[in-house]
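Have a look at the structure below, then the notes.
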Amino acid sequence: MHLHDIWFGLIAVLWIGYFFLEGFDFGIGVLTKTLARGRTERRVLINTIGPVWDGNEVWLLTAGGATFAAFPDWYATLFSGFYLPLLAILVCLIVRGVAFEYRHKRTDERWQTNWEHAIFWCSLVPAFLWGVAFANMVRGVPIGPDKNYAGDLLDLVNPYALLGGATTLALFTFHGAVFAALKTVGDIRVRARRQAGVLGPVAAVLAVAFLAWTQADSGDGRSAVALGVAVAALAGALLMNRAGREGWAFALSGVTIAAAVGMLFLALFPDVMPSSLDPAWSLTASNAASSPYTLKILTWVAVIMTPLVMAYQAWTYWVFRKRIGTQHIPVGH
Numbered sequence: 019m020h021l022h023d024i025w026f027g028l029i030a031v032l033w034i035g036y037f038f039l040e041g042f043d044f045g046i047g048v049l050t051k052t053l054a055r056g057r058t059e060r061r062v063l064i065n066t067i068g069p070v071w072d073g074n075e076v077w078l079l080t081a082g083g084a085t086f087a088a089f090p091d092w093y094a095t096l097f098s099g100f101y102l103p104l105l106a107i108l109v110c111l112i113v114r115g116v117a118f119e120y121r122h123k124r125t126d127e128r129w130q131t132n133w134e135h136a137i138f139w140c141s142l143v144p145a146f147l148w149g150v151a152f153a154n155m156v157r158g159v160p161i162g163p164d165k166n167y168a169g170d171l172l173d174l175v176n177p178y179a180l181l182g183g184a185t186t187l188a189l190f191t192f193h194g195a196v197f198a199a200l201k202t203v204g205d206i207r208v209r210a211r212r213q214a215g216v217l218g219p220v221a222a223v224l225a226v227a228f229l230a231w232t233q234a235d236s237g238d239g240r241s242a243v244a245l246g247v248a249v250a251a252l253a254g255a256l257l258m259n260r261a262g263r264e265g266w267a268f269a270l271s272g273v274t275i276a277a278a279v280g281m282l283f284l285a286l287f288p289d290v291m292p293s294s295l296d297p298a299w300s301l302t303a304s305n306a307a308s309s310p311y312t313l314k315i316l317t318w319v320a321v322i323m324t325p326l327v328m329a330y331q332a333w334t335y336w337v338f339r340k341r342i343g344t345q346h347i348p349v350g351h
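Each residue of the sequence shown is one higher than the last, beginning at 19 in my numbering.
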C-alpha cells in the first residue's frame, strides 16, 4: 500500500469523525425549533453542545487541511467546482458560531429570537448541503482533461444528490435527538426520545434508499459490508432508543453515520473525484496526490499530533458528561 492510499484512508477517517461529532451538533440546532418548548428548553439544548461544538469543528479544519496538503489537485477541483455550496456551508458555520456566543448576551426577546433563527437555519442548511456535496463527489462531476471542474451549479442539482442531502439531514437530526435524550433530564429527555423514535424510521428509509443507490452505481464487496453495518446499526439504535438505553442508542447512531460515510469513501476509491465526462480524466488517489516526500512528512506530523488531539477531546467530553435540565438554566436565559 502506498502513502497516498494511506492518506486517502486517513482523510476518510477525519470526515467520519467530523460527521459523527458535528452531526449531533447540527441535529441539536434543528431540534431547537422542533423539540424545545420555550426559550429555556432551547437554552438547555444549546448547553448540551456548548462545551464541545467548536472542538468538533476542528475535524473539519483538519480534513480540509489534510486534503490540501496530501491531495492538492483534489482540493483545488473540489473547492472550485463546489464553490457556492461550500461557501454557503462556511457562512452558516460562521453565523452559527456567532449565534451560540451572542444569543445570551442580551435578555431582549427579539435579540434572542433572531439568533435562535440563525442557529436553526445555519444547522439545517449545512446538514443538507454536506450530503449533496458528498453525493456528487461519489457520483462524478464534469472534470476536464486539465483536472478542472467543467460544469456549473446546476450539474450539482440532481435526484441522487438531493436524496443524499435529505439523508444526511435526517440522520443528523436523529443523531441529535438521541444525543439530547442522553444529555438531558426531565420532560425534554422524554420528548427527545419520542422524537428520535419518529425521526429514526424516516432516516432509515432515506438512508437505505441512498446507500442502496450508491451500491448499485459504484459499490463493491467492501462497500456492501459497510452498507450492512449501517443498516444494522440504525436498526439497533431504534431498538435501544425505544428501550430507553440512550447511551447505546447514541453509540449505534454514531456507528450508522460512520459506516455510511465509510461506504461512500469505499465506493469512491481509488478515485477521489470521478469525471462524468471521461473516466480517464478522473482524479485518483494516485494522480491527485502530493509528492512522496510531502506525504512522508505529513505522516510523521499525524502520528505525533493525532493522539494528542483525540486525548484532549475525549477529556473534554468526560469533564462535561453530566446531564442538564431546565432547573440548571438561570431565569431570562
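Where a beta carbon is used, it is the ideal one built from N, C-alpha and C, also for glycine. On a predicted model such as this, the values are computed, not experimentally measured, just so you know.
Which stretch, first to last residue, makes up the beta strand (DSSP E) that contains V290?
-> Within the sequence shown, residue 290 is the residue found at index 272, counting from 1. Looking at the DSSP string, the run of the beta strand (DSSP E) that includes V290 is D289 to M291.
V223 to F44, Cα distance in whole Å?
-> By one-based count along the sequence shown, residue 223 stands at place 205. By one-based count along the sequence shown, residue 44 stands at place 26. The alpha-carbon atoms of V223 and F44 are separated by roughly 20 Å.
Is the CB-CB distance between G218 and G182 below 8 Å?
-> As a first step, residue 218 is located in the sequence shown; it is residue number 200 there, counting from the start. As a first step, residue 182 is located in the sequence shown; it is residue number 164 there, counting from the start. Not closer than 8 Å, so no.
Going by C-alpha distance, which of A278, A267 and T334 is nearest W231?
-> Residue numbering aside, residue 231 sits at position 213 when the sequence shown is read from its first letter. The shortest Cα separation from W231 among A278, A267 and T334 belongs to A278.
Classify L301 as helix, strand or coil using the three-state DSSP reduction.
-> For this step, residue 301 is matched to residue 283 along the sequence shown. L301 falls in the strand class under three-state DSSP.
V70 and T334 closer than 8 Å at C-beta | Taking the sequence shown and counting its residues from 1, one reaches residue 70 at position 52. Taking the sequence shown and counting its residues from 1, one reaches residue 334 at position 316. Yes.
For A306, does the count of other Cβ atoms within 10 angstroms reach 16, so buried, or fall short, so exposed?
-> Sequence index remark: in the sequence shown, residue 306 carries index 288 (1-based). So A306 counts as buried.
Sheet register partners of Q159 (DSSP bridge) = If you number the sequence shown from 1, residue 159 lands on position 141. The sequence given here places Val at residue 159; Gln does not occur at that position. Its beta-bridge partners are S293.
Please state if the CB of L187 and the CB of L229 are separated by a distance shorter than 8 Å.
-> For the purposes of this step, residue 229 is identified with residue 211 of the sequence shown, where counting begins at 1. For the purposes of this step, residue 187 is identified with residue 169 of the sequence shown, where counting begins at 1. Taking 8 Å as the Cβ cut-off, L229 and L187 do not qualify as a contacting pair.
Under 8 Å between the Cβ atoms of N259 and G215?
-> For the purposes of this step, residue 259 is taken as residue 241 along the sequence shown, with counting starting at 1. For the purposes of this step, residue 215 is taken as residue 197 along the sequence shown, with counting starting at 1. Contact flag set, yes.
Please confirm if the segment 46-56 is in contact with the segment 323-338, defined as three or more CB-CB distances below 8 Å between the two stretches.
-> no
If you drop the 5 nearest sequence neighbours on each side, which residues of the same chain put their C-beta closer than 7 Å to that of K314?
-> Residue mapping note: residue 314 aligns to position 296 of the sequence shown, counting from 1. L21.
Start and end of the alpha helix (DSSP H) containing A81?
-> By one-based count along the sequence shown, residue 81 stands at place 63. Per DSSP, the continuous alpha helix (DSSP H) segment holding A81 begins and ends at V76 to A88.
Compare the Cα-Cα distances from A87 to each of Y311, V337 and R341 and report the closest residue.
-> Counted from its first residue, the sequence shown places residue 87 at position 69. It is Y311 whose Cα lies nearest to the Cα of A87.
Give me whichever residues DSSP pairs with T202 in a beta bridge.
-> Within the sequence shown, numbered from 1, the residue matching residue 202 stands at position 184. Beta-bridge pairing links T202 to I342.
Output the boundary residues of the alpha helix (DSSP H) element that contains K51.
-> Within the sequence shown, numbered from 1, the residue matching residue 51 stands at position 33. Its alpha helix (DSSP H) spans residues L21 to T52.
Given a threshold of 16 other Cβ atoms within 10 Å of its Cβ, counted over all protein chains shown, does T85 qualify as buried or as exposed?
-> Within the sequence shown, numbered from 1, the residue matching residue 85 stands at position 67. The residue is buried, with at least 16 neighbouring Cβ atoms inside 10 Å.
For W299, count neighbouring C-beta atoms within 10 Å of its own C-beta (all shown protein chains included) and say buried if the count is 16 or more, exposed if not.
-> By one-based count along the sequence shown, residue 299 stands at place 281. Buried.
Length of the line joining the Cα atoms of I137 and V113 | Start at 1 with the first residue of the sequence shown, and residue 137 comes out as number 119. Start at 1 with the first residue of the sequence shown, and residue 113 comes out as number 95. Straight-line Cα distance between these residues: approximately 8 Å.
Exposure of E127, with buried meaning 16 or more beta-carbon neighbours within 10 Å | In the sequence shown, residue 127 corresponds to position 109, counting from 1. It counts as exposed.
Start-to-end residues for the alpha helix (DSSP H) that takes in R121 | Position 103 of the sequence shown holds residue 121. Where R121 is concerned, there is no enclosing alpha helix (DSSP H), given that its DSSP letter is neither H nor E.
Integer Cβ distance of N166 from T95, believed to fall under 8 Å = Taking the sequence shown and counting its residues from 1, one reaches residue 166 at position 148. Taking the sequence shown and counting its residues from 1, one reaches residue 95 at position 77. Indeed, because the Cβ distance is near 7 Å, the residues count as touching under 8 Å.
Who are the near neighbours of G35 in its chain, counting only those whose CB is closer than 6 Å to its CB and skipping five residues on each side?
-> Within the sequence shown, numbered from 1, the residue matching residue 35 stands at position 17. Cβ neighbours of G35 beyond the five flanking positions: W77.
Report yes if the C-beta distance between V62 and T202 is below 8 Å; otherwise report no.
-> Your numbering for residue 62 matches position 44 in the sequence shown. Your numbering for residue 202 matches position 184 in the sequence shown. A contact, by the Cβ cut-off of 8 Å.
How about E59 and T344: are their beta carbons less than 8 Å apart?
-> As a working mapping, residue 59 is identified with position 41 in the sequence shown. As a working mapping, residue 344 is identified with position 326 in the sequence shown. Against a cut-off of 8 Å, the Cβ pair of T344 and E59 comes out as a contact.
Give me the Cβ distance between L252 and A225, rounded to the nearest whole Å; I'm assuming they're in contact under 8 Å.
-> Counted from its first residue, the sequence shown places residue 252 at position 234. Counted from its first residue, the sequence shown places residue 225 at position 207. That belief holds up - the Cβ atoms of L252 and A225 are roughly 6 Å apart, short of 8 Å.
Compute the beta-carbon to beta-carbon distance between R240 and L284, rounded to the nearest angstrom, for a pair I have assumed lies under 8 Å.
-> Counting from 1 along the sequence shown, the entry for residue 240 is found at position 222. Counting from 1 along the sequence shown, the entry for residue 284 is found at position 266. At roughly 5 Å, the Cβ-Cβ gap stays under 8 Å, so R240 and L284 are in contact.
Tell whether a beta-carbon distance below 8 Å holds between P292 and A303.
-> Here residue 292 corresponds to residue number 274 of the sequence shown, with the count starting at 1. Here residue 303 corresponds to residue number 285 of the sequence shown, with the count starting at 1. No, the pair does not count as a contact, with Cβ atoms beyond the cut-off.
Figure out for me which residue from G68, G158, D173 and V319 has the closest Cα to the Cα of R121.
-> As a working note, residue 121 is residue 103 in the sequence shown. For R121, the nearest C-alpha among the options comes from G68.
Span of the alpha helix (DSSP H) holding F268?
-> Working through the sequence shown from its first residue, we reach residue 268 at position 250. That run of the alpha helix (DSSP H) goes E264 to L286.
Name the residue from R339, P348 and A320 whose alpha carbon lies nearest to the alpha carbon of G83.
-> Here residue 83 corresponds to residue number 65 of the sequence shown, with the count starting at 1. For G83, the nearest C-alpha among the options comes from A320.
Could you check the C-alpha separation between R207 and E134 for me, to the nearest Å?
-> By one-based count along the sequence shown, residue 207 stands at place 189. By one-based count along the sequence shown, residue 134 stands at place 116. Going from the Cα of R207 to the Cα of E134 covers about 20 Å.
Measure from the alpha carbon of S309 to the alpha carbon of each residue in R55, P90 and L189, then state which is nearest.
-> For the purposes of this step, residue 309 is taken as residue 291 along the sequence shown, with counting starting at 1. Measuring from the Cα of S309, the nearest candidate turns out to be P90.
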